[in-house]
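Protein chains in written order, with our numbering: chain L, 110 to 275; chain D, 98 to 199; chain Y, 165 to 550.
Rendered as structure tokens:
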């Protein structure tokens, strides 16, 4: 069962990723493929017993970041005319695909070696409680810095995107 | 977990990363390039979480969570920049925003 | 999968989707009619039986199924087809974590009245709620219509703004209960606490006074956190795009907003998604703030123990289970009534008022609430352990 789920989610993630890159007509198609890819990755996280990270992936990435992308695309009214049709020259595209295929094969063949099986983890691995405790005891400085970074980001986004009223 | 080795997760992450790189290199639409950057960040997150499960330690997940926070901030600021660029030049083609190239 | 899971899932599907949603259209018509001092819809009849207007939902369904399904030219076919389903699915699968009752041991088997008792139940609801944005956002864009696009932009901004408020307002409650599991919250709310207990700890009364023990309140969410209850309800109603927050639908401003290019059953699916979401909101509020499936001052264990003596353990559990479901649905219906009341009482907010409420009022208040709750928890813990 888990094997089947892994293959389904991996194929969906990779298919979504290819859809993001290969969709020339419309940036909204790319965004929707990105959503599929994000949700498939969230499924992979849950398979890896990382429940909290998986849910945050759905909430933050698929639920907010891609919504922001779609919002900007709609706001700027970028309909099918994202860029001109000849933007991705076929030669470069083929080069990209070849790069991906070659690198994939390289990774699978050259670096394949015997790997240790999965260790047993106690049931509190990856739960909200465990991550929360780790975040607020060991990594509390990182959390505070993330807060400051978010504040700076909010201010920067508001200032940059405002229409000038002069 | 059945017969999935931890290595296969890394392969998936690496492939997604490479697709993202190919997208950034070939696409000319600013917003789609940004989406490919997000793909790369997601791929590294997957790699982190898979390694964290392989070792059995939570630290990879905490790292992945903080990477998500940084990615969210980066998307907000980047899209704000894109909005102001598009408002000024009326195009999303990144070749038209290359005035500072030598 | 346990058999109880299948039963609960079937129950949810049959009762809520097939019974609640159409009946709620009737309730809305009749309740608004009562409030506005008119009769409401009463023309539909089957062989002369008007049944107080209950035939109208059936007439609505027949109308929607038989209407022509239009798709405008230039529209994105695939997105136009699937966005009603993207809108309805999150509302329906949110029922997976809502507890209709606790766990009951009957005839050797454990019946759990939750479909999926996840450890992180409420987080699952927040994640599903953030997916719900897509159904509405893509609908307006897919129709190739300016009004639709305006509606899409409005709806996406409104929904993601109130997702923040939804998440932050209930953090105080999580701090007090210490869990994200909805069934555990339901069980924790069955405890009672003495209202004037602090006098005992401060030394104002001598130890052993009896009257303090008589004045108790159940540890319901609304008693522990009254203001977040209203903030949470406001944020959930704004997320549902109903009530006074329906600027994206904007019936008199932008025709029909984001579902302007939908007719027939697809439009019906959007409406159904909204109604089901109303039930989800009521269920969530009842489970988290109003004590879930238990009556106040009556913990379930005491009830089962009391009923076991004359009836035996199995029947006692069965009776407790039926009582729990009835109590839960009673609270849900009361909250649905309240939501309809709000919808028909208040005029629509202006768009900037909606954004103002979400960011400038709900967010600072909820952050202040987190700080105050933390201080309160520390004080209570420090006092009761000394």
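Quick reminder that beta carbons are idealized off the backbone N, C-alpha and C, glycines included.
Query - Partner residues on chain Y for residue 180 of chain L, Cβ-Cβ distance less than 9 angstroms - result: Correct list: 301, 316, 317, 320, 321, 324.
Report task. Kindly indicate which three-state DSSP category residue 390 of chain Y falls into: helix, strand or coil? Result -> In the displayed model, residue 390 of chain Y falls within a helix according to three-state DSSP.
**Report entry** Between the CA atoms of residue 273 of chain Y and residue 519 of chain Y - distance to the nearest angstrom
**Finding:** Their Cα atoms are separated by approximately 50 angstroms.
Query raised in the report: Cα separation between residue 191 of chain L and residue 133 of chain L?
Result: Confidence at residue 191 of chain L is low in this model, with a pLDDT of 49, below 50, so the placement of that residue should be treated as unreliable; the coordinate-derived value is given next. Rounded to whole angstroms, residue 191 of chain L to residue 133 of chain L spans 8 angstroms at the Cα level.
Query raised in the report: Taking 8 angstroms as the CB-CB cut-off, is residue 237 of chain L touching chain D?
Result: Not an interface residue.
**Report entry** Residues in the stretch 283-297 of chain Y having any Cβ partner in chain L nearer than 7 angstroms
**Finding:** Within the stretch 283-297 of chain Y, the qualifying residues are 283, 284, 287, 288, 290, 291, 294, 295, 297.
Query raised in the report: Hey, how far is the Cα of residue 468 of chain Y from the Cα of residue 145 of chain D?
Result: The alpha-carbon atoms of residue 468 of chain Y and residue 145 of chain D are separated by roughly 49 angstroms.
Report task. Using the Cα positions of residue 493 of chain Y and residue 213 of chain Y, report the straight-line distance between them to the nearest angstrom. Result -> Taking the straight line joining both Cα atoms gives about 28 angstroms.
Requested in this report: Starting from the Cα of residue 141 of chain L, find the closest Cα among L:267, L:180, L:119 and give me that residue.
Outcome: Comparing Cα positions, the closest option is L:180.
Query raised in the report: Are residue 266 of chain Y and residue 488 of chain Y touching if we call contact CB-CB under 8 angstroms?
Result: Against a cut-off of 8 angstroms, the Cβ pair of residue 488 of chain Y and residue 266 of chain Y comes out as a contact.
Report task. Out of D:185, D:137, D:132, state which residue places its alpha-carbon closest to the alpha-carbon of residue 115 of chain D. Result -> Comparing alpha carbon positions, the residue from D:185, D:137, D:132 closest to residue 115 of chain D is D:137.
Query - Contact list for residue 257 of chain L against chain D, beta-carbon separation under 8 angstroms - result: What residue 257 of chain L touches in chain D: nothing, since even the nearest Cβ is about 10 angstroms away.
Query raised in the report: Where are the beta strand (DSSP E) runs, 3 residues long or more, that stay fully inside the stretch 351-383 of chain Y, in chain order?
Result: DSSP runs (the beta strand (DSSP E)) wholly in the stretch 351-383 of chain Y: 356-358, 380-382.
Requested in this report: Find the nearest neighbour of residue 285 of chain Y within the set Y:306, Y:269, Y:257, judged by alpha-carbon distance.
Outcome: If we check each option's Cα against that of residue 285 of chain Y, Y:257 comes out closest.
**Report entry** Interface flag, residue 121 of chain L vs chain D, CB-CB below 8 angstroms
**Finding:** Not a single C-beta of chain D is nearer than 8 angstroms to the C-beta of residue 121 of chain L.
Report task. Could you say which of L:228, L:163, L:175, L:161 lies nearest to residue 135 of chain D if we only look at CA atoms? Result -> Nearest option by C-alpha distance: L:175.
Query raised in the report: Where do the N-terminal and C-terminal ends of the alpha helix (DSSP H) with residue 274 of chain Y fall, by residue?
Result: Segment 273-276 is the beta strand (DSSP E) holding residue 274 of chain Y; no alpha helix (DSSP H) there.
Query raised in the report: How would you write the range of the alpha helix (DSSP H) that residue 297 of chain Y sits in, first residue to last?
Result: Where residue 297 of chain Y is concerned, the enclosing alpha helix (DSSP H) starts and stops at 285-306.
Query raised in the report: Exposed or buried, which one is residue 155 of chain D when buried takes at least 16 other CB atoms within 10 Å?
Result: Counting Cβ neighbours within 10 Å, residue 155 of chain D comes out buried, since at least 16 surround it.
Query raised in the report: Is there at least one Cβ from chain L nearer than 8 angstroms to residue 313 of chain Y's Cβ?
Result: Taking 8 angstroms as the threshold, the shortest C-beta distance from residue 313 of chain Y to chain L falls below it.
Query - Through-space distance from residue 170 of chain Y to residue 553 of chain Y, alpha-carbon basis - result: Residue numbering for chain Y in the displayed model covers 165 to 550; residue 553 of chain Y lies beyond these limits and cannot be assessed.
Report task. Residues of the stretch 329-351 of chain Y with a CB closer than 7 angstroms to any CB of chain L: list them in chain order, please. Result -> Correct list: 344.
**Report entry** Three-way DSSP call (helix, strand, coil) for residue 203 of chain Y in this model
**Finding:** In the structure shown, residue 203 of chain Y sits in coil (DSSP, three-state: anything other than H, G, I, E or B).
Query raised in the report: What are the boundary residues of the beta strand (DSSP E) that residue 268 of chain Y is part of?
Result: Looking at the DSSP string, the run of the beta strand (DSSP E) that includes residue 268 of chain Y is 267-270.
Report task. Rounded to whole angstroms, what's the CA-CA distance from residue 366 of chain Y to residue 503 of chain Y? Just pull it up for me. Result -> Between the alpha carbons of residue 366 of chain Y and residue 503 of chain Y lies a distance of about 42 angstroms.
Query - Interface flag, residue 523 of chain Y vs chain L, CB-CB below 8 angstroms - result: Taking Cβ atoms only, chain L never reaches closer than 8 angstroms to residue 523 of chain Y, which makes this a no.
Requested in this report: For residue 185 of chain D, name the three-state secondary structure that DSSP assigns.
Outcome: Of the three classes helix, strand and coil, the one that applies to residue 185 of chain D here is helix, per DSSP.
Query raised in the report: In or out: residue 189 of chain D buried (at least 16 other Cβ within 10 Å) or exposed?
Result: Answer is buried; the Cβ neighbour count reaches 16.
Requested in this report: Check whether the stretch 301-308 of chain Y touches the stretch 242-257 of chain Y, counting contact only when three or more Cβ pairs, one atom from each stretch, lie closer than 8 angstroms.
Outcome: Counting Cβ pairs under 8 angstroms, three or more are found: they touch.
Query raised in the report: In three-state terms, what does DSSP make of residue 481 of chain Y?
Result: The answer is helix: DSSP assigns residue 481 of chain Y an H, G or I state.
Requested in this report: Name the two residues that bound the continuous alpha helix (DSSP H) containing residue 442 of chain Y.
Outcome: It spans 428-452 - the alpha helix (DSSP H) in which residue 442 of chain Y sits, taken as one unbroken run.
Requested in this report: Could you tell me if residue 165 of chain Y is buried or exposed, where buried requires 16 or more neighbouring beta carbons within 10 angstroms of its beta carbon?
Outcome: At residue 165 of chain Y the pLDDT is 49, less than 50, meaning the model places this residue with poor confidence and gives no usable figure here.
Query raised in the report: Which residue from Y:185, Y:349, Y:313 puts its Cα closest to that of residue 182 of chain L?
Result: Nearest C-alpha to residue 182 of chain L among Y:185, Y:349, Y:313: Y:313.
Query - Buried versus exposed, by CB contacts within 10 Å (16 or more), residue 125 of chain D - result: With 16 or more Cβ atoms within 10 Å of its Cβ, residue 125 of chain D is classed as buried.
Query raised in the report: Any Cβ of chain Y within less than 8 angstroms of the Cβ of residue 118 of chain L?
Result: No - not a single Cβ of chain Y is within 8 angstroms of the one on residue 118 of chain L.
Query raised in the report: Going by the CB atoms, is the gap between residue 453 of chain Y and residue 384 of chain Y shorter than 8 angstroms?
Result: In contact: residue 384 of chain Y and residue 453 of chain Y (Cβ atoms closer than 8 angstroms).
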